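Protein chains in written order, with this note's numbering: chain A, 1 to 222; chain B, 1001 to 1222; chain C, 2001 to 2222; chain D, 3001 to 3222.
Even for Gly, the Cβ is constructed at its ideal location relative to N, Cα and C.
Computed from a prediction, not measured in an experiment: that's the story for all the values here.
All remarks here apply to the structure that follows.
There are 4 protein chains.
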Amino acid sequence: MNVNAPLVPGPKWTRKPQARPDEVLEAALDVFAANGFAATRMDDIAKAAGLSKAAIYLYFPSKDDVFKALVEQRIGVVQSHFDAAAKDQKHDPLAGLQRAIRLWANSFHDLRLAALPRIILAEALRFPELADFYHRTVIERTQASLIELFQAGIDKGLFRPVEPLVAARALMSPLMFEILRRQAFPAHIPPLSMDELVDSIFDLFLKGLAMPEVENHSGVAP
Amino acid sequence: MNVNAPLVPGPKWTRKPQARPDEVLEAALDVFAANGFAATRMDDIAKAAGLSKAAIYLYFPSKDDVFKALVEQRIGVVQSHFDAAAKDQKHDPLAGLQRAIRLWANSFHDLRLAALPRIILAEALRFPELADFYHRTVIERTQASLIELFQAGIDKGLFRPVEPLVAARALMSPLMFEILRRQAFPAHIPPLSMDELVDSIFDLFLKGLAMPEVENHSGVAP
Amino acid sequence: MNVNAPLVPGPKWTRKPQARPDEVLEAALDVFAANGFAATRMDDIAKAAGLSKAAIYLYFPSKDDVFKALVEQRIGVVQSHFDAAAKDQKHDPLAGLQRAIRLWANSFHDLRLAALPRIILAEALRFPELADFYHRTVIERTQASLIELFQAGIDKGLFRPVEPLVAARALMSPLMFEILRRQAFPAHIPPLSMDELVDSIFDLFLKGLAMPEVENHSGVAP
Amino acid sequence: MNVNAPLVPGPKWTRKPQARPDEVLEAALDVFAANGFAATRMDDIAKAAGLSKAAIYLYFPSKDDVFKALVEQRIGVVQSHFDAAAKDQKHDPLAGLQRAIRLWANSFHDLRLAALPRIILAEALRFPELADFYHRTVIERTQASLIELFQAGIDKGLFRPVEPLVAARALMSPLMFEILRRQAFPAHIPPLSMDELVDSIFDLFLKGLAMPEVENHSGVAP
DNA sequence: TATGAATGAGCCTTCATTCAT
DNA sequence: TATGAATGAAGGCTCATTCAT
Chain A
1 MNVNAPLVPG PKWTRKPQAR PDEVLEAALD VFAANGFAAT RMDDIAKAAG LSKAAIYLYF
61 PSKDDVFKAL VEQRIGVVQS HFDAAAKDQK HDPLAGLQRA IRLWANSFHD LRLAALPRII
121 LAEALRFPEL ADFYHRTVIE RTQASLIELF QAGIDKGLFR PVEPLVAARA LMSPLMFEIL
181 RRQAFPAHIP PLSMDELVDS IFDLFLKGLA MPEVENHSGV AP
Chain B
1001 MNVNAPLVPG PKWTRKPQAR PDEVLEAALD VFAANGFAAT RMDDIAKAAG LSKAAIYLYF
1061 PSKDDVFKAL VEQRIGVVQS HFDAAAKDQK HDPLAGLQRA IRLWANSFHD LRLAALPRII
1121 LAEALRFPEL ADFYHRTVIE RTQASLIELF QAGIDKGLFR PVEPLVAARA LMSPLMFEIL
1181 RRQAFPAHIP PLSMDELVDS IFDLFLKGLA MPEVENHSGV AP
Chain C
2001 MNVNAPLVPG PKWTRKPQAR PDEVLEAALD VFAANGFAAT RMDDIAKAAG LSKAAIYLYF
2061 PSKDDVFKAL VEQRIGVVQS HFDAAAKDQK HDPLAGLQRA IRLWANSFHD LRLAALPRII
2121 LAEALRFPEL ADFYHRTVIE RTQASLIELF QAGIDKGLFR PVEPLVAARA LMSPLMFEIL
2181 RRQAFPAHIP PLSMDELVDS IFDLFLKGLA MPEVENHSGV AP
Chain D
3001 MNVNAPLVPG PKWTRKPQAR PDEVLEAALD VFAANGFAAT RMDDIAKAAG LSKAAIYLYF
3061 PSKDDVFKAL VEQRIGVVQS HFDAAAKDQK HDPLAGLQRA IRLWANSFHD LRLAALPRII
3121 LAEALRFPEL ADFYHRTVIE RTQASLIELF QAGIDKGLFR PVEPLVAARA LMSPLMFEIL
3181 RRQAFPAHIP PLSMDELVDS IFDLFLKGLA MPEVENHSGV AP
């Protein structure tokens, strides 16, 4: 199912029934990812799409709308993978967690997708509705999935009874941040691959930094 | 190019010995924090500083340089607090860590400061030199301090022998990310104060999510 | 840089295949001739061309390039006339010389053309490449043509064996200078028409100022 | 006698009695010669004069006036040399002519002086009064001197009875033009020194290009 | 006399957007 | 559906000029 199906006209940006709009967004993703929003010119998008600048306006009423449509179209994809993976395995929260995180991290192997959070971060001030949309669609749903898993783990006695939201952020942030870092500082290639980082973080996140002995048999507790 | 070079050439962005440059930077911080880099006009900064646009150019040769000067002025402060706190207490890595993190987090109580990392992450593509500068000045030094602390903790047998860089990122990212989140999604006020988050994250980071029993003597549970 | 590059890239200053660029140059000639380079604003050119300022940039990437294109377009014409006339008649150097000089002088009946050498003179410091271009395209070629003619005349025993380059300059300079003078001091209208001046100069140049008797058979005087 | 004597306040640009104005003009000559009028900034002049920009305005009410004062101060010098040399020797017009021309050419060994005619020619449109001043002070007086000499030569039977004005221009233009050329095309060093050129031109100017036999007694030659 | 500080006006250039075809 | 052509509205930067000190 084409997200841009003519049956469901986009809320704001009107489009014709052909595939063109998707081609435009495909091109726009390239250019926005490479240059960011402000630095991207309609000319760039047009050239990347093999169209004239004016033609873009047949499908999207403004540059803002191209951007919004793009985010709406793409952001969901990343999130849905995660969502599915997480919900599948509530019976084994730990495995579900690991699988979801790995899938989610993999989806950013397309670096252009990794650019979207960065751009949203940058442009959130100028596109509050878009930021809201992103928060609702991606962040909240991801958190919800994670929280469910954490709660299940806690209920099963696998996890310590921590605040699930804090845990969710503690787990996701290092990975999310790594994605931003790689874009902002491409010159400073990180020492670990993304996959390795995922596992390292996951392990550290589960076991903690502190030496277990220190925590455990001080059996002398009050 | 710059005919109005000051008598005492600054490191890169020239300035006169008076207080004006600082006033300009103060104003610039306001405006950049509110609008980001690209969307900020020199006129805005000038107006905020109570000066004419041309006057700004008496102190800084370009918009870029205003931004760089601002980063150099402000980021260093944040970073140095951290640096000092961390280095102070190498004998007690755990306390040092906690103190450094808290101080560092506190420095962002001025939300305008929190805008700087956001802008750098967002605009790094357009300002590679700036991103490099930030990486060198802030990230690398912060990491170095943290790594020292972690290594000291590991050497003392307080911490598990993890990769210090990964640990550093695991600890800092949730906090850094929280700072970004609060700017991008001000509508979604987080449930915890920054201080609470710091402590929660710190605790979770140390002890890990997993139930200790599960990890240590499997099966001996009640 | 120039996103609006034309389908057929011009030699240096890009242009669209239509007549517009020529119209712009026509207008630019008017304005540059009247105001010089520095004092001419893009708005002036645009207005003279019946276009908006931005439209000029569809055809020329900068003010400099408008000027360069104008020079390239117009200067060559003047020079080529001269060139052809000179080369045509190597068998009769004297007639060829006279014809070439006259044609060349006539081409400046369009006073706007006369402005170009003036502007180049004025702006040579700011446009060294342009000055070079002018020197190569116009001065050197004109000199080459003249030198050929002079050498032919010398070889044929018509001219005294002088340094051809010196002769070329001795002949051209008074005319070139007259063109500059008429622009700089329009209030001081010269007593002779350009055509008359050409003939007078030519005659004086050939026969010299000195009384022939004085030089030849001294003592035969009355 | 200082031209800028306080006794005779300049017609438009007021000045204080010290030597400062002359120092400013000295500096201005450097900068105008190097950059032309439009491209010279008051800052440049100030820096060259070792003063602040504002101080310049104590002596000259505007950039235009600095330029005017400079031209008025300097242009006369060149001309007066010429003038004197020419008038001295009316009894021997040929020697007077040669001496005057040589002196005049020598005065441009200071290349900054050579810049003045160039700038006037270039900027005459923007400074009509100045152009008039130059014409009256320099051109007309130089021409008058030359014409006197020529007329004397003609009267004495040394020169052919040509139009003295035309002759004056025929003689001066190649030299004047050479001065302009050297500024505009410094890359194309001329093959002759200025002194050599003066003599060559002078010789050619006197004897003419044509073979004497051809002109005088056709066919009677050996 | 001298200047540091400041500015108004202006100019080149860019770019999202429009429209006739 | 598509585009070539055009533009209004900025925005960064410059510079001659002013003025309080």
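Proximity test, Cβ basis, 9 angstroms: residue i and chain D
i, result
"alanine 2086(C)", "no"
"valine 2162(C)", "yes"
"leucine 2206(C)", "yes"
"glycine 1960(C)", "Nothing in the structure corresponds to residue 1960(C), since chain C is present only between 2001 and 2222."
"alanine 2095(C)", "no"
Where residue i sits in the DSSP three-state scheme
i, result
"phenylalanine 1159(B)", "strand"
"alanine 3039(D)", "coil"
"alanine 19(A)", "coil"
"alanine 1131(B)", "helix"
"alanine 1027(B)", "helix"
"alanine 124(A)", "coil"
"alanine 2210(C)", "strand"
"proline 1174(B)", "helix"
"proline 3164(D)", "helix"
"isoleucine 2189(C)", "coil"
"glycine 3050(D)", "coil"
"phenylalanine 67(A)", "helix"
"phenylalanine 60(A)", "coil"
Chain C within 9 angstroms of residue i, Cβ atoms only
i, result
"phenylalanine 3150(D)", "yes"
"phenylalanine 3185(D)", "yes"
"leucine 3029(D)", "no"
"isoleucine 3286(D)", "Any answer about residue 3286(D) is impossible in this case: the structure gives chain D only from 3001 up to 3222."
"serine 3200(D)", "yes"
"leucine 3051(D)", "no"
"leucine 3197(D)", "yes"
Residue-chain proximity (residue i, chain B), Cβ-Cβ < 9 angstroms
i, result
"leucine 192(A)", "yes"
"alanine 48(A)", "no"
"valine 236(A)", "This structure cannot speak to residue 236(A), because chain A is shown only from 1 to 222."
"leucine 25(A)", "no"
"alanine 100(A)", "no"
"arginine 20(A)", "no"
Neighbour flag for residue i against chain A, beta carbons, 9 angstroms
i, result
"glycine 1219(B)", "Annotation note: pLDDT 43 at glycine 1219(B) (below 50); position unreliable, coordinate value reported separately. False, the Cβ-Cβ gap to chain A never drops below 9 angstroms."
"proline 1061(B)", "no"
"serine 1080(B)", "no"
"methionine 1211(B)", "yes"
"phenylalanine 1067(B)", "no"
"histidine 1091(B)", "no"
Nearest-angstrom Cβ-Cβ length linking residue i and residue j, presumed shorter than 8 angstroms
i, j, result
"alanine 3086(D)", "leucine 3180(D)", "Actually they are not in contact, since the Cβ atoms of alanine 3086(D) and leucine 3180(D) sit about 22 angstroms apart, beyond 8 angstroms."
"valine 3162(D)", "leucine 2204(C)", "6 angstroms"
"proline 3201(D)", "proline 3174(D)", "A small correction: the amino acid at residue 3201(D) is isoleucine; proline does not occupy that position in the sequence shown. With a Cβ gap of about 5 angstroms, isoleucine 3201(D) and proline 3174(D) count as contacting."
"alanine 3187(D)", "leucine 2121(C)", "So it is not a contact: roughly 15 angstroms between Cβ atoms."
Contact set between the stretch 3171-3183 of chain D and chain C, restricted to residues whose Cβ is under 9 angstroms from the partner: Leu3171, Met3172, Ser3173, Pro3174, Leu3175, Met3176, Phe3177, Glu3178, Leu3180, Arg3181, Gln3183
Unbroken stretches of the alpha helix (DSSP H), 4 residues or longer, contained in the stretch 69-126 of chain A: Those alpha helix (DSSP H) runs which fall completely within the stretch 69-126 of chain A and span 4+ residues are 93-106, 111-123.
Residues of the stretch 103-133 of chain A with Cβ closer than 8 angstroms to any Cβ of chain B, in chain order: Arg118, Ile119, Ile120, Leu121, Ala122, Glu123, Ala124, Leu125, Arg126, Pro128, Ala131, Asp132
Residues of the stretch 132-146 of chain A whose Cβ lies closer than 7 angstroms to any Cβ of chain B, in chain order: Asp132, His135
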